[in-house]
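Peer 1: My questions all concern the structure below.
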Amino acid sequence: MTLSLALLGPPGTVPVGRPAGVHAQLRNDGPDEVWVVGVLDGSETGTRYPLWRPTVERDGVVVAAPGPAEDPLVGPLRAEDFHRLAAGETFAAGRLATFALFAPAEPGDYRYRLELSTESPSDADWLGRFNQAAEVAGLVRRVPRLTLSAGLVVPFR
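Residue numbering for the sequence shown follows this note's numbering, starting at 175 and increasing by one per position.
Written out as structure tokens, the structure is:
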């Protein structure tokens with residue numbers, strides 16, 4: 175099993191004051207199918223797995239990151255949240271609010287970083303806090319336990 179994580183963004187520079195449209199993509203680089211789960215409510219804030227932890231830095235200082243969870247209640251994990259990737263297939267992870275909303279007021283080169291972790295100690299760490307179907311827990315075990323990271327520099331002018 176070989177998965178890779180990439181951050182994709184616009185070619186060239188982005189106007190100051192506008193979001194860059196950076197998004198995450200997983201790719202199955204191995205010969206066997208792999209099960210993955212994209213960004214869920216609570217994934218960015220660390221409330222539930224998989225953890226999708228984005229940050230944006232300028233000159234080594236974090237200028238954008240998820241805030242603390244406002245509400246620890248997250249919706250149920252559903253069977254349709256799981257995606258099977260065949261060899262060579264890619265998967266768009268979904269909307270990361272930190273990247274979607276970040277629009278710097280000053281020009282410069284901004285480093286977008288993302289860490290994905292599926293290394294939860296318990297299957298329950300993935301599940302919703304209400305209306306959760308018990309059979310989904312079996313699907314959680316199909317997702318490989320790993321940590322991946324990716325980075326991308328975006329110039330704003």
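Glycine included, each C-beta is placed from N, C-alpha and C at the ideal position.
Source: prediction; values computed, not measured.
At what residue ranges does the segment 256-299 contain a whole run of the beta strand (DSSP E), taking only runs of 3 or more?
Peer 2: For the segment 256-299, whole beta strand (DSSP E) runs of length 3 or above, ordered along the chain, are 256-259, 264-266, 282-291.
Peer 1: With H, G and I counted as helix, E and B as strand and the rest as coil, what does DSSP make of Glu231?
Peer 2: The count along the sequence shown starts at 1 and reaches residue 231 at position 57. Three-state result, Glu231: strand.
Peer 1: Using only the alpha-carbon positions, how far apart do His197 and Ala308 sit?
Peer 2: As a position in the sequence shown, residue 197 is number 23, starting the count at 1. As a position in the sequence shown, residue 308 is number 134, starting the count at 1. In a straight line, the C-alpha of His197 is about 31 Å away from that of Ala308.
Peer 1: Please state the DSSP three-state secondary structure of Val196.
Peer 2: Numbered from its first residue, the sequence shown carries residue 196 at position 22. Three-state DSSP puts Val196 in coil, outside helix and strand.
Peer 1: Kindly list the residues whose CB is nearer than 7 Å to the CB of Leu247, restricted to its own chain and excluding five residues on each side of it in sequence; keep chain order.
Peer 2: Sequence index remark: in the sequence shown, residue 247 carries index 73 (1-based). Correct list, in chain order: Arg303, Phe304.
Peer 1: Tell me whether the segment 232-242 and the segment 179-191 touch, counting them as touching only if at least three CB pairs, one residue from each stretch, are closer than 8 Å.
Peer 2: The segment 232-242 vs the segment 179-191: no contact.
Peer 1: On a Cα-Cα basis, can you pick out the residue from Glu289, Gly282, Ala239 that is closest to Pro329?
Peer 2: On the sequence shown, residue 329 is found 155 positions in, with the first residue counted as 1. Looking at the Cα atoms, Gly282 is the closest of the given residues.
Peer 1: Once DSSP output is grouped into helix, strand and coil, what is the label at Gly204?
Peer 2: If you number the sequence shown from 1, residue 204 lands on position 30. If DSSP states are grouped into helix, strand and coil, Gly204 belongs with coil.
Peer 1: Going by C-alpha to C-alpha distance, which of Thr176, Val210, Leu326 sits closest to Leu251?
Peer 2: Numbered from its first residue, the sequence shown carries residue 251 at position 77. Cα-wise, what sits closest to Leu251 is Val210.
Peer 1: One question on the structure: do Gly216 and Ala243 come within less than 8 Å of each other, judged by their Cβ atoms?
Peer 2: The residue labelled residue 216 in the question sits at position 42 within the sequence shown. The residue labelled residue 243 in the question sits at position 69 within the sequence shown. In this structure, Ala243 lies closer than 8 Å to Gly216 by Cβ.
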